[in-house]
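Undergrad:
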Amino acid sequence: MKIVLPALAALLMNLHSIYACTDFLIGCQDGATVHGRTMEFEFAFPWVVGVVPKGYKETAMLPENCQNHSPLTWFTRYKILGIKSAGDFSNSNRSIVDGQNEAGLSAGALWFEGFTEYPDAVPEQHCSHSIPHMQLINYLLGNFATVEQVRTSFKYDIFPFVWGQYVTYWHGDIKINKYQFPLHLSLADRSGDSIVIEYTKGKGRQVFDNKIGILTNSPPYDWHVLNLANSINVQNQGYPAKHVTKQGRNYTIEAFWDGTGLLGLPGDFTPASRFLRTAAMIRFAEEAKNAKDGALKAWHIINSVDITKGTSEDYTVFSVVKDLTNNIMYFRAHDYISIRSIHLNKLSGESGKQIPVEDTFENSVKDITEDFGDNW
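Numbering (our numbering) for the sequence shown: 53 to 428.
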């Protein structure tokens, strides 16, 4: 039987500022858009990928002060392909953490510790038009086709009132009671338009046009944009040899190899460093010709921010690349490192089938020994 262990307090302390995620956009020469991201945790939830059919009825959870009101309900306008946890989450086990819909809209939740603040209660006049932050991606992907539509709903104040949901879940034998996941959202569509949605202390909801096309974690998005100035000297061309003639000395400093233009680019896993590193990779990498080329480029960029277990408090539990033009999701996990794909347009979405994101390393390896034959 599961019990609450004394290690609960230590685990809750470790939940502070340990989860790293990196999210980015790639534009292609033919107009295609690719959206990539990594998902990091200290431990692995049983993540699954599944389809929400068009016309599916969703019901928003109500906060405690609104239990006498009718909840917000909606029927999904678009078919959705999303990743969620299949773990023991009270009242939130349908929450999508990353996904895309058939209209080409993509959304992902990233850790935003130390700055997030959601209302715990909802004004009574908003009770029947409110939604918990854990269901935001479900609502966005189910109701909108473009980022501009989302902006419009904010502008005219028709977007639901968002409140902070506390969840209860099990981590092994440890029961975590009423924990609120601090999240901000990355939203993009197949045109390449993108915004960041944050709910911050003292400021409420903030919506940023994501002109950089990158999001990591804390601090807020606008801080990371300013911090790009700290890598202004980074370039993809190596620096030429330096000839020094001073104080009677004459010598030359030459680089051992290419890559001197990237000297000073941080290699650690902090949010600020991953933001700068991803910006440099996208800026200098060869431009993708089409969506397939963009997906390949995205996987190579993901390799630059992939966190190996043990090198940090968290590690990369899965990574996703979404082709928003052709409605294809590519994904891989920590153990199952081969890339799999799902074509949303080919799925009816009626079966309700869910596929585990993770599998064994052995199943991800293709043995080609027999390709050598017997005569070599």
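Backbone N, C-alpha and C fix where the C-beta goes; we use that ideal spot for every residue, glycine too. These numbers come from a predicted model, not from an experiment.
Taking Cβ to Cβ, would you say Phe370 is nearer than 8 Å to Arg384?
TA: Taking 8 Å as the Cβ cut-off, Phe370 and Arg384 qualify as a contacting pair.
Undergrad: Measure from the alpha carbon of Ala293 to the alpha carbon of each residue in Tyr303, Val286 and Ser182, then state which is nearest.
TA: Tyr303
Undergrad: Where does the unbroken alpha helix (DSSP H) through Glu250 begin, and where does it stop?
TA: No alpha helix (DSSP H) holds Glu250; the beta strand (DSSP E) holding it covers Ser246 to Thr252.
Undergrad: With DSSP run on the structure shown, which of helix, strand or coil describes Leu239?
TA: Here DSSP, grouped into helix, strand and coil, assigns Leu239 to strand.
Undergrad: Nearest to Ile247 by alpha carbon, out of Asn120, Asp261, Arg257 and Gly107?
TA: Asp261
Undergrad: Going along the chain, which residues of its own chain have a beta-carbon closer than 8 Å to the beta-carbon of Thr125, five neighbours each way excluded?
TA: Result list for Thr125: Lys109, Glu110, Thr111 and Ala112, in chain order.
Undergrad: When DSSP builds the beta bridges, which residues end up paired with Phe76?
TA: Gly88 and Ile266
Undergrad: Quick one: what's got a C-beta closer than 6 Å to Ala96's C-beta in the same chain, skipping five residues either side?
TA: Val369
Undergrad: If you reduce the DSSP assignment to three classes, tell me which class His386 lands in.
TA: coil
Undergrad: Asp411 to Ile148, Cα distance in whole Å?
TA: 20 Å
Undergrad: To which residues of the same chain is Asn379 closer than 8 Å at the C-beta, ignoring the five residues directly before and after it?
TA: Leu133, Gln152, Glu154, Gly156, His395, Leu396 and Asn397
Undergrad: Would you say Ile266 and Phe327 are within 8 Å of each other, going by their C-beta atoms?
TA: Against a cut-off of 8 Å, the Cβ pair of Phe327 and Ile266 comes out as a contact.
Undergrad: Helix, strand or coil, according to DSSP, for Tyr303 in the structure here?
TA: Strand.
Undergrad: Tell me where the beta strand (DSSP E) around Asn153 begins and ends.
TA: Ile148 to Asn153
Undergrad: Kindly indicate the opening and closing residues of the alpha helix (DSSP H) around Thr330.
TA: Pro323 to Phe336
Undergrad: Ordered along the chain, which non-local residues of its own chain (more than five positions away) have a Cβ less than 6 Å from that of Phe127?
TA: Gly107 and Lys109
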